[in-house]
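Q:
Residue numbers (full-length UniProt numbering): 1 to 154.
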């Protein structure tokens, strides 16, 4: 089974807790996982033979949280070509804002520019509809797992 790298950006801790929940659930499925703390990301280029999950809240006017912003900028400026990388995205946002899940949409654009391929559709969790994003993310794991197993079977 492929190793899964989980990266998160958070302001108030919800995205971190969601990332921790997802990491534990994926590990229970038998995957080797690594939950990266934002301060560990300097120089990290996701290996193309592993899977990537990015969990991020949105701040300000659709901005990326400060803790993960340096890594985003580093990837954008170094622009590694990652055509074999498969990724999934979980965004936490509030649909009462025009820039709903703006941060995770920026990650989607960046990873696409780098040649990476989405493994699943982007999961956008709305704070107006759910108070516990980790529960919605945990439910999403089943569709993520199906996508991983169908890709590996192909």
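We put the beta carbon where it would ideally sit given N, CA and C, even for glycine. Here the structure is a predicted model, which is why all the values come from computation and not from measurement.
Can you tell me which of 23, 131, 137, 129 puts its alpha carbon nearest to the alpha carbon of residue 121?
A: Ranking the options by Cα distance to residue 121, first place goes to 137.
Q: Any idea what DSSP makes of residue 9, helix, strand or coil?
A: Reduced to three states, the DSSP call for residue 9 is strand.
Q: Return the bridge partner residues of residue 33 from the DSSP annotation.
A: Partner(s): 4.
Q: Does residue 129 pass the burial test, meaning 16 or more other C-beta atoms within 10 Å, or should it be called exposed?
A: Exposed is the call here.
Q: Could you please give the first and the last residue of the uninterrupted alpha helix (DSSP H) stretch that includes residue 88?
A: From DSSP, residue 88 is part of no alpha helix (DSSP H) but of the beta strand (DSSP E) over 86-93.
Q: For residue 53, write down the residues that DSSP places opposite it in a beta bridge.
A: 6, 88, per the DSSP bridge assignment.
Q: Specify, as a first and last residue, the run of the alpha helix (DSSP H) that residue 104 falls within.
A: Taken as a continuous stretch (DSSP letters only), the alpha helix (DSSP H) holding residue 104 covers 102-113.
Q: Ignore the nearest five residues each way along the sequence and tell me which others in residue 123's own chain have a CB closer than 8 Å to its CB.
A: Same-chain partners within the cutoff: 88, 89, 90, 91, 136, 137, 140.
Q: Do residue 48 and residue 167 come within 9 Å of each other at the CB atom, strictly closer than that value?
A: Absent from the structure is residue 167, since the part of the chain shown begins at 1 and ends at 154.
Q: Rank 5, 2, 16 by C-alpha distance to the C-alpha of residue 133 and give the top, closest one.
A: Among 5, 2, 16, the Cα nearest to that of residue 133 belongs to 16.
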